[in-house]
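*Asks:* Chains as they are written, first to last, in the numbering used here: chain A, 4 to 340; chain B, 4 to 340.
Number of protein chains: 2
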Amino acid sequence: MSRTVAQVRVEVEEAARWLAGRVVRTPVLRSPVIDELAGVRVLFKAENLQNGGSYKMRGALRAVGRLAAAGHTGVIAQSTGNHAVAVALAARQHGLAATVVLPVDAAPTKVDRARAAGARVVLAGTDVEERVAVANGLSDDSGHPVIDAYDHLDVIAGQGTASLELIEEAERAGTPLDALVVPVGGGGGVAGACLAAAGSGIEVYGVEPVGCDSLARSLAAGVRVPVAPSPTIADGLRPSCVGELPFAIARHTLRGVVRVDDDEIGAAFRLILTELKVLAEPSGAAGLAGALRLPPDEGRQRTVGVVLTGGNVEAALVARLMAPRSVEVATGEGVTR
Amino acid sequence: MSRTVAQVRVEVEEAARWLAGRVVRTPVLRSPVIDELAGVRVLFKAENLQNGGSYKMRGALRAVGRLAAAGHTGVIAQSTGNHAVAVALAARQHGLAATVVLPVDAAPTKVDRARAAGARVVLAGTDVEERVAVANGLSDDSGHPVIDAYDHLDVIAGQGTASLELIEEAERAGTPLDALVVPVGGGGGVAGACLAAAGSGIEVYGVEPVGCDSLARSLAAGVRVPVAPSPTIADGLRPSCVGELPFAIARHTLRGVVRVDDDEIGAAFRLILTELKVLAEPSGAAGLAGALRLPPDEGRQRTVGVVLTGGNVEAALVARLMAPRSVEVATGEGVTR
Chain A
4 MSRTVAQVRV EVEEAARWLA GRVVRTPVLR SPVIDELAGV RVLFKAENLQ
54 NGGSYKMRGA LRAVGRLAAA GHTGVIAQST GNHAVAVALA ARQHGLAATV
104 VLPVDAAPTK VDRARAAGAR VVLAGTDVEE RVAVANGLSD DSGHPVIDAY
154 DHLDVIAGQG TASLELIEEA ERAGTPLDAL VVPVGGGGGV AGACLAAAGS
204 GIEVYGVEPV GCDSLARSLA AGVRVPVAPS PTIADGLRPS CVGELPFAIA
254 RHTLRGVVRV DDDEIGAAFR LILTELKVLA EPSGAAGLAG ALRLPPDEGR
304 QRTVGVVLTG GNVEAALVAR LMAPRSVEVA TGEGVTR
Chain B
4 MSRTVAQVRV EVEEAARWLA GRVVRTPVLR SPVIDELAGV RVLFKAENLQ
54 NGGSYKMRGA LRAVGRLAAA GHTGVIAQST GNHAVAVALA ARQHGLAATV
104 VLPVDAAPTK VDRARAAGAR VVLAGTDVEE RVAVANGLSD DSGHPVIDAY
154 DHLDVIAGQG TASLELIEEA ERAGTPLDAL VVPVGGGGGV AGACLAAAGS
204 GIEVYGVEPV GCDSLARSLA AGVRVPVAPS PTIADGLRPS CVGELPFAIA
254 RHTLRGVVRV DDDEIGAAFR LILTELKVLA EPSGAAGLAG ALRLPPDEGR
304 QRTVGVVLTG GNVEAALVAR LMAPRSVEVA TGEGVTR
């Protein structure tokens, strides 16, 4: 597999060249207060400042771009969140028709954003199996391909370009990464990070909410293990099972998975807002929560990269997370594997 | 005066060259939603992502750097907010002693941040006259110069470099600025913007909270007019009088002043957080509130630059501004002059 990973890494490099100028080269942010708290130097890749508010734009644009070049005239996507909106935006950019399948209880803002991007919105069921069935049916009828949110090499490679840019910019700044931390939903982002870091010696860690730890369990079992996801404020990290392709990549290259709870994610959200001055969605803040859980340095100062994957969050949740509260104690379960 | 302004503009260019690599070259951010609302293309210079969380770092660093080069071993500053902390940080960077005079009712976080930067903190009175008297006394005793928060050419030139970078980057992106909007406290930032824009044809507008409109009144009267500042959430925009040097620069070059109320500032704060995904302090958000007040385009699409001056804001205020609310109606007084 490791030879395959090295071969597949080329996909990330090609995606990065193709995406240059098509997506925002988001800044790398730092905070002395966070460095002090973490006991390591932390570099944040601010993909919440990406077009569409998340790094999903990278994978969607890469996948749609290749399909457009191959002559397709339309695409189909399903998701609860950022991926569907990103595919809609990417399709409009390439002049393709987009149909996106959202759950019947989707946040009205997400439905609005997909429609504003010109997509046809189909509301179907409340779980992923129902949406997948509807998306596949639409694909059979129309001949338009489905772009999966994470089980798709172009999507993984596109998401991986955020990690690749962070790795490059850390080197350029004279603070090369020792580790890279990425939140895990279906695993597309963390698999992309594994590809981007392949051969570099950089340790890649995934972060999962407690009770939404399909990747951690799958790594322990050696096969994909679905879970019944627990409630969490990190709603982007709740797929019931890690994707097949992400798992195949991660199982040979990921250093470990960190589990974090909602208190830790909330504390990370507040640190990012008050110290870095940017808005992360809780799913994105989970990356910092995980970085704060890594074993402390021994001796020299390490540099840890965190991909702030997105910033699409409802105002009411921001208000709730920023309201005065009592002191919190971290209660997560630590690093697995 | 206009010849003088052209001559003084050189100070901004020199400051920009000197500050390159010493401050963060902050990104320029955009949002299609905000463009749509404003009816113009809006480019934001995200100085909330600057070291120290505000563009005050630019002026402080430039002023302290010149004093260090001239052989001074210490500096003194007074302010209620970002300037004192910025001078403390700049002094530490240059190995100078810093004494900062803060009001006795200063926010504990500001006292902490000044001390964390290694400054001696003196608490004195509650109004600016008391602090100025104490700062001047300390200067007489120690021989260390006072760096005024806005009545100081290096400070004005330093703050102006944020505008200069925005002007340059807008040109590079193929969307040169037609107008530039900057919030007004003592007037250092807006005077710097006037210098940066001198000779370019770019219209520069200041923004003042309703009831804190010393600059607007001074421009109307032709002499500096102090006010008894009204309460506002934009606490950085409440000096009782515009500075002498900023007024001398602005009176010949500023296109106008826009007055905005707290509802408009709050609405701008929320737009910046939810659409741009960055945290602006209300004083910084006032810039967007002002831009939304400018007369709409006729014909071709104009491009308006907004300097997001800073992002230092208490968590409780963020919670209050993001809490669910009823629909608001703008009630400000519009453009003056």
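Where a beta carbon is used, it is the ideal one built from N, C-alpha and C, also for glycine.
None of these values were measured; they are calculated from a predicted model.
For residue 123 of chain A, which residues of its own chain have a beta-carbon under 8 Å away from its beta-carbon, when the five flanking residues on both sides are left out?
*Replies:* Contacts found: 100, 101, 102, 103.
*Asks:* Mind checking residue 132 of chain B: buried by the 16 CB within 10 Å criterion, or exposed?
*Replies:* Residue 132 of chain B comes out exposed.
*Asks:* For a contact meaning CB atoms closer than 8 Å, what does residue 281 of chain A contact in chain B?
*Replies:* Those within 8 Å of residue 281 of chain A in chain B are 52, 280, 281, 282.
*Asks:* Go to residue 193 of chain B, then tell me how far its alpha helix (DSSP H) extends in each direction, as first and last residue.
*Replies:* Looking at the DSSP string, the run of the alpha helix (DSSP H) that includes residue 193 of chain B is 191–200.
*Asks:* State the start and end residues of the unbroken beta strand (DSSP E) segment that holds residue 81 of chain A.
*Replies:* Note, residue 81 of chain A: beta strand (DSSP E), 77–81.
*Asks:* Residues in the same chain with beta-carbon distance under 6 Å from residue 20 of chain A, minus the five sequence neighbours each way, listed in chain order, please.
*Replies:* Cβ neighbours of residue 20 of chain A beyond the five flanking positions: none.
*Asks:* Just to confirm the assignment: which complete alpha helix (DSSP H) runs, minimum length 4, are found wholly within the segment 72–154 of chain B?
*Replies:* Listed in chain order, they are 85–96, 111–119, 131–145.
*Asks:* Give every residue of the same chain whose Cβ lies closer than 8 Å to the Cβ of residue 108 of chain B, excluding the five residues on either side of it in the sequence, and list them in chain order.
*Replies:* Excluding positions up to five away in sequence, the list reads 129.
*Asks:* Out of B:146, B:302, B:55, B:268, state which residue places its alpha-carbon closest to the alpha-carbon of residue 291 of chain B.
*Replies:* For the residues B:146, B:302, B:55, B:268, the minimum Cα distance to residue 291 of chain B belongs to B:268.
*Asks:* Quick check on DSSP: helix, strand or coil for residue 212 of chain A?
*Replies:* The answer is strand: DSSP assigns residue 212 of chain A an E or B state.
*Asks:* Cβ of residue 321 of chain B less than 8 Å from any chain A Cβ?
*Replies:* Yes, contact with chain A.
*Asks:* So what's residue 43 of chain B in DSSP terms, helix, strand or just coil?
*Replies:* Coil, per DSSP.
*Asks:* Tell me residue 49 of chain B's beta-bridge partners as DSSP assigns them.
*Replies:* In the DSSP output, where bridge partners are listed per residue, residue 49 of chain B has B:311.
*Asks:* Quick one: which residues of the segment 260–277 of chain B get their C-beta closer than 7 Å to a C-beta of chain A? List them in chain order.
*Replies:* Cβ contacts with chain A: 273, 276, 277.
*Asks:* Check whether the segment 278–287 of chain B and the segment 150–159 of chain B are in contact - that is, three or more C-beta pairs closer than 8 Å.
*Replies:* Touching, no.
*Asks:* I need the straight-line Cα distance from residue 198 of chain B to residue 35 of chain A, nearest angstrom please.
*Replies:* Looking at the two C-alpha atoms, the distance is approximately 33 Å.
*Asks:* Between residue 119 of chain A and residue 97 of chain A, is the Cβ-Cβ spacing less than 8 Å?
*Replies:* Cβ atoms of residue 119 of chain A and residue 97 of chain A: not closer than 8 Å.
*Asks:* Mind checking who residue 306 of chain A pairs with in its DSSP beta bridge?
*Replies:* Bridge partners of residue 306 of chain A: A:44.
*Asks:* Tell me, which residues are paired with residue 320 of chain B by DSSP?
*Replies:* According to DSSP, residue 320 of chain B bridges with nothing at all.
*Asks:* So does the segment 36–46 of chain A actually touch the segment 299–318 of chain A, counting three or more Cβ pairs closer than 8 Å?
*Replies:* Touching, yes.
*Asks:* Please list, in chain order, the residues of the segment 29–55 of chain A that have any C-beta partner in chain B closer than 7 Å.
*Replies:* Hits within the stretch, in order: 30, 32, 51, 52.
*Asks:* Quick one: give me the first and last residue of the alpha helix (DSSP H) that residue 229 of chain A is part of.
*Replies:* Run containing residue 229 of chain A: none; DSSP gives neither H nor E here.
*Asks:* Do you know how far the Cα of residue 238 of chain A is from the Cα of residue 264 of chain A?
*Replies:* If I take the Cα positions, the gap works out to 13 Å.
*Asks:* Say whether chain A places a C-beta atom closer than 8 Å to the C-beta of residue 327 of chain B.
*Replies:* By this cut-off, residue 327 of chain B is an interface position.
*Asks:* Counting only Cβ pairs nearer than 7 Å, list the residues of chain B close to residue 1 of chain A.
*Replies:* Absent from the structure is residue 1 of chain A, since the part of chain A shown begins at 4 and ends at 340.
*Asks:* Mind checking residue 81 of chain B: buried by the 16 CB within 10 Å criterion, or exposed?
*Replies:* It counts as buried.
*Asks:* Rounded to whole angstroms, what's the CA-CA distance from residue 90 of chain B to residue 67 of chain B? Just pull it up for me.
*Replies:* Looking at the two C-alpha atoms, the distance is approximately 7 Å.
*Asks:* Taking CB distances under 8 Å as the criterion, tell me whether residue 314 of chain A reaches chain B.
*Replies:* At least one chain B Cβ lies under 8 Å of residue 314 of chain A.
*Asks:* Check for me: the beta strand (DSSP E) holding residue 327 of chain A runs from which residue to which?
*Replies:* Neither: residue 327 of chain A is in no beta strand (DSSP E) and is coded neither H nor E.
*Asks:* Going by beta carbon distance, what residues of the same chain come within less than 8 Å of residue 320 of chain B, once the five residues before and after it are set aside?
*Replies:* So the list reads 236, 285, once near-sequence residues are dropped.
*Asks:* I need the straight-line Cα distance from residue 259 of chain A to residue 210 of chain A, nearest angstrom please.
*Replies:* Rounded to whole angstroms, residue 259 of chain A to residue 210 of chain A spans 9 Å at the Cα level.
*Asks:* Please check if any C-beta of chain B sits within less than 8 Å of the C-beta of residue 334 of chain A.
*Replies:* The predicted position of residue 334 of chain A is uncertain, since its pLDDT is 42 and thus under 50; no value can be drawn from it.
*Asks:* Quick check: the Cα distance between residue 53 of chain A and residue 231 of chain B, rounded to an integer number of angstroms?
*Replies:* Distance between the alpha carbons of residue 53 of chain A and residue 231 of chain B is about 43 Å.
*Asks:* Go ahead and pull the three-state DSSP assignment for residue 36 of chain B.
*Replies:* Helix, per DSSP.
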